[in-house]
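**Q** Per the working numbering: the sequence shown = residues 159 to 746. C-beta: ideal position from N, C-alpha, C; glycine also.
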Amino acid sequence: MKKIVRLISAVICFFQLNVQAEEPKEYTFAINSAVTPLLHAAFINETIKTVERSVAPAKLKVLYVELPELERLIENHQTDFFISTAATIRRYQDLGARDVLTASSPFSKNPNRSEGSLFIVKEGRSDINSISDLKDKRAAAGRPTAFGMYLAAMGEIAADGYDPKTFFKSTQFYGLNRDQIIKDVLDGKADVGILRACYLEDAVNRKVVTTDQLKFINLKNDPEHICLHSTRLYPNWSFGSNPSVPPAVLSAVAAGLIAQKPVGIGLYWSVASDFTAIDNLLKSLQLGSYQRFSKEWFWQRIIEYRFWVLGTLAAFALLLIHSFIVSRTVNIRTQELKESLKRESQSFHEAQEAHRRLMKMQRAAVVGQISSLIAHELNQPLAGIKLYARTLQRAKDSGTLTEDKLGTALAEIRTDADLAAAIVERVRSYAKGARSERVSSEVSELVNKAVREFKRQSGERVEVKLTQAQPVHVIVNPLEFELVIINLLRNAAQALQELGVSNPKVDLTIRRSDNSAMITIEDNGHIEKETIAKLSEPTNSTKADGLGLGLQIVRSIIENHGGKISFSQATSGGLRVEIRLPVQEETK
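1) For Asp432 and Ser242, I'd like the C-alpha separation in whole angstroms.
2) Go to Ser481, then tell me how far its alpha helix (DSSP H) extends in each direction, as first and last residue.
3) What residues in its chain sit with their C-beta under 6 Å from that of His631, if we drop five residues either side in the sequence?
4) Report yes or no: do three or more beta-carbon pairs, one from the region 294-304 and one from the region 404-424, lie closer than 8 Å?
5) Please report the residue range of the alpha helix (DSSP H) in which Leu540 lies.
6) Under 8 Å, do Trp395 and Leu196 count as touching if we go by C-beta distance?
7) In angstroms with no decimal places, state the Cα-to-Cα distance between Leu739 and Leu647.
8) Roughly how many angstroms lie between the CA atoms of Leu536 and Gln710, to the nearest whole one?
9) Is there at least one Cβ from chain D nearer than 8 Å to Leu550's Cβ?
10) Could you give the distance in angstroms between the alpha-carbon of Gly346 and the alpha-carbon of Ile375?
11) Based on the DSSP secondary-structure assignment, which residues constitute the bridge partners of Arg256?
12) Quick one: residues in its chain with C-beta nearer than 8 Å to the C-beta of Gln626, no 5 flanking neighbours on either side, listed in chain order?
13) Report yes if the CB atom of Leu372 is closer than 8 Å to the CB atom of Ile278, and no otherwise.
14) Under a three-way DSSP split, which group does Gly319 fall into?
15) In this structure, how does DSSP classify Arg390 when only helix, strand and coil are distinguished?
16) Hey, out of Ala675, Tyr250, Glu656, whose CA is closest to Asp681's CA?
17) Could you check which residue in Glu717, Glu736, Gly732, Ile715 has the C-alpha nearest to that of Phe725?
18) I need the straight-line Cα distance from Arg734 to Lys687, nearest angstrom please.
19) Are the region 383-400 and the region 252-272 touching by the rule of at least three beta carbon pairs closer than 8 Å?
20) Could you check what DSSP says for Leu440 in three-state terms: helix, strand or coil?
21) As a quick exercise: from Leu468, Ala317, Leu443, Lys607, pick the residue whose alpha carbon is nearest that of Arg249.
22) For Glu273, list the residues DSSP reports as bridge partners.
23) With burial defined as no fewer than 16 other Cβ atoms inside 10 Å of the residue's Cβ, what is the status of Ser266: buried or exposed?
24) Can you tell me the Cα-Cα spacing of Arg596 and Gly720, whole angstroms?
25) Give the DSSP-derived three-state secondary structure of Asp665 in the structure shown.
26) Going straight from the alpha carbon of Lys496 to that of Leu641, what length do you get?
27) Are Arg296 and Ser328 close, meaning C-beta to C-beta below 8 Å?
28) My output table needs one value for Gln236: the three-state DSSP class, helix, strand or coil.
29) From the DSSP output, in three-state form, read off Lys722 for me.
30) On the DSSP bridge assignment, give the partners of Asp681 in chain order.
31) Do Phe187 and Val220 have their C-beta atoms closer together than 8 Å?
32) Is DSSP giving Phe305 helix, strand or coil here?
33) Since Leu425 sits in a beta bridge, which residues does DSSP pair it with?
34) Starting from the Cα of Met312, find the closest Cα among Asp285, Ser694, Gln338, Gly274 and give me that residue.
35) Just curious, the beta strand (DSSP E) that Tyr185 is in, first and last residue?
36) Relative to the alpha-carbon of Tyr308, which residue among Phe474, Leu225, Leu499, Met676 has its alpha-carbon at the smallest distance?
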């Protein structure tokens, strides 16, 4: 397998050599000077040689820098390659930094779980036994942005529900002088020290301290990691790159490092597959890309660019002064306009009040119109009730009253009474200004019901023929719609009777035209065009008794449903009434 990797690396290097032969370049390789002792010096030296071979014939400039300088180089794209903690690289990923490979060591079997922190206190501190006991204590650590020597520990504190910024009473940072952290804890200058995982073992090996001098807080048990640690484990130190590196060069470097044999204590480069833990830690601590969009970062930028900010504010202040002067001038010159608008507003309110009074009068007029219709509509059900009551009385007097006759008569009386009650309730709703309840209805069902009711009420021998091309649904109040059809049928029947038509007939047609339901009512009588014109006038009646006023109510009901009604002469010479109603929108 390694032979195949070396072969691929050689091929990539060959093409890279051809590219660089045309345009030689120098690459910068910055290494965090805190890399040892976790990563052995021999491993770092071998890594430098591998990178040099991979970028040849271009030169490689190697820099050992402390963490603050490395962060500056990465942020400003002044280094092409770098070795640092995985957290440092992830902090700048939104600026183009990429973690290419991760170091694997014998201390941890999983490169995804290698880095962490260790809390140490002096042996004998019985008052400190958990993370909560560290609250308001004095701490000693590496750097504010050092991962193992500080940030991983702060992540553990945040995970326990504390604010890392205010958790410790004070924190002393020692940079690369990490042994001083241990010394401060032993001397009592610090209550707690924060060390990178595996640094304690190195210090014990160098005889800086013995384990019986210290006490360890919040120890974690992880069979894949042999070093003492108090926090979650994160990916190991990594090899990263900036966008300045061409893809071919980066591929050659990555292939060379993967093919590099284990060095020293068994260190080698591999691929880490899970940086979720680091990303979550950076989010909880508001670092990296999360810090760059935080309030703290905002105020830092304000201070950094204070002269530009002050200049902008001064220009804005001048603009405000200018705006104030202009506004004052405009206010003086528009005073008359404001007074005019005030008068216009008063006129508007007066118009609204007049409109309200007009609507009230209009409602009263409509109620009056409906009252006229009621006198007409209630006549039939009341007459039916009287008829059946008189029939029952006669049957009783004659001794011919049976249970069947009684049940039939009572059912008819109940039907007429229900119809009369519904008509009265509808008028009461109009008088109160209530909106009629409307439901989805199939037109032919309502028309058939109205025809049956018309025949039951009138008893007139008029043939009513219903034709429907296809089912059509509308949103209407069923009672109002039925009253419309009954009223129009009754008008047609009365007109045919007055004309003495020998074979009175009314044709009802239902069809759909675009987005409208068309209901057409034609009779086979005869009507003059002048009479048709009068029917379109809301206050005119064609009958001496005034029952033609029902057409105005019909028109009002249809228009309230968003429809239209029109009158014309049929081809047979009779009256043709056409009703248009919007069809119900189909739900998909």
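**A** This is what the structure holds:
1) As a working note, residue 432 is residue 274 in the sequence shown. As a working note, residue 242 is residue 84 in the sequence shown. Those two C-alpha atoms are separated by around 17 Å.
2) As a first step, residue 481 is located in the sequence shown; it is residue number 323 there, counting from the start. Segment 464-491, the alpha helix (DSSP H) holding Ser481.
3) One-based indexing of the sequence shown puts residue 631 at position 473. For His631, where only same-chain residues beyond five positions count, the Cβ hits under 6 Å are Ser598, Glu600, Gln742.
4) no
5) In the sequence shown, counting from the first residue as 1, residue 540 sits at position 382. Its alpha helix (DSSP H) spans residues 537-556.
6) In the sequence shown, counting from the first residue as 1, residue 395 sits at position 237. In the sequence shown, counting from the first residue as 1, residue 196 sits at position 38. Cβ distance < 8 Å, so Trp395 and Leu196 count as in contact.
7) The residue given as residue 739 occupies position 581 in the sequence shown. The residue given as residue 647 occupies position 489 in the sequence shown. Near 18 Å, if we compare the C-alpha coordinates of Leu647 and Leu739.
8) Reading the sequence shown from its first residue, position 378 is the one you call residue 536. Reading the sequence shown from its first residue, position 552 is the one you call residue 710. Their backbone Cα atoms lie some 18 Å apart in a straight line.
9) Chain labels in this structure do not include chain D; a single protein chain is all it has.
10) As a position in the sequence shown, residue 346 is number 188, starting the count at 1. As a position in the sequence shown, residue 375 is number 217, starting the count at 1. C-alpha separation (whole angstroms): 17 Å.
11) For the purposes of this step, residue 256 is taken as residue 98 along the sequence shown, with counting starting at 1. Note: Arg256 sits in a beta bridge opposite Ser399.
12) Translated into the one-based positions of the sequence shown, residue 626 becomes position 468. Correct list, in chain order: Val601, Ser602, Thr667, Ile668, Arg669.
13) Numbered from its first residue, the sequence shown carries residue 372 at position 214. Numbered from its first residue, the sequence shown carries residue 278 at position 120. In contact: Leu372 and Ile278 (Cβ atoms closer than 8 Å).
14) In the sequence shown, counting from the first residue as 1, residue 319 sits at position 161. Note: Gly319 maps to coil in three-state DSSP.
15) Walking along the sequence shown from the start, residue 390 turns up at place 232. Note: Arg390 maps to coil in three-state DSSP.
16) Start at 1 with the first residue of the sequence shown, and residue 681 comes out as number 523. Ranking the options by Cα distance to Asp681, first place goes to Glu656.
17) Along the sequence shown, read from residue 1 onward, the residue named residue 725 stands at position 567. Selected option, being the one with the closest Cα: Glu736.
18) What you label residue 734 is simply residue 576 of the sequence shown in a count that begins at 1. What you label residue 687 is simply residue 529 of the sequence shown in a count that begins at 1. When rounded, the distance between both Cα atoms is 11 Å.
19) yes
20) On the sequence shown, residue 440 is found 282 positions in, with the first residue counted as 1. Looking at Leu440 - three-state DSSP - the assignment turns out to be helix.
21) Within the sequence shown, residue 249 is the residue found at index 91, counting from 1. Selected option, being the one with the closest Cα: Leu443.
22) In the sequence shown, residue 273 corresponds to position 115, counting from 1. Glu273 is bridged to Tyr392.
23) Looking up residue 266 in the sequence shown gives position 108. It is buried - the Cβ of Ser266 has at least 16 other Cβ atoms within 10 Å.
24) To locate residue 596, count along the sequence shown from 1; it is residue 438. To locate residue 720, count along the sequence shown from 1; it is residue 562. Those two C-alpha atoms are separated by around 12 Å.
25) As a position in the sequence shown, residue 665 is number 507, starting the count at 1. Three-state DSSP puts Asp665 in a strand.
26) Counted from its first residue, the sequence shown places residue 496 at position 338. Counted from its first residue, the sequence shown places residue 641 at position 483. Distance between the alpha carbons of Lys496 and Leu641: 53 Å.
27) As a position in the sequence shown, residue 296 is number 138, starting the count at 1. As a position in the sequence shown, residue 328 is number 170, starting the count at 1. It is a contact, given that the beta carbons lie within the stated cut-off.
28) The residue labelled residue 236 in the question sits at position 78 within the sequence shown. Note: Gln236 maps to coil in three-state DSSP.
29) Here residue 722 corresponds to residue number 564 of the sequence shown, with the count starting at 1. Of the three classes helix, strand and coil, the one that applies to Lys722 here is strand, per DSSP.
30) Here residue 681 refers to the residue found at position 523 of the sequence shown. The partner list for Asp681 (beta bridge, DSSP) reads Val664.
31) The residue given as residue 187 occupies position 29 in the sequence shown. The residue given as residue 220 occupies position 62 in the sequence shown. Cβ atoms of Phe187 and Val220: closer than 8 Å.
32) Taking the first residue of the sequence shown as 1, we reach residue 305 at position 147. Reduced to three states, the DSSP call for Phe305 is helix.
33) The residue you call residue 425 lines up with position 267 of the sequence shown. For Leu425, which the question treats as bridged, DSSP gives the partners Val421.
34) Counted from its first residue, the sequence shown places residue 312 at position 154. The residue with the shortest Cα to Cα distance from Met312 is Gly274.
35) As a first step, residue 185 must be located in the sequence shown, where it is residue number 27. Tyr185 -> beta strand (DSSP E) spans 184-190.
36) Working through the sequence shown from its first residue, we reach residue 308 at position 150. Looking at the Cα atoms, Leu225 is the closest of the given residues.
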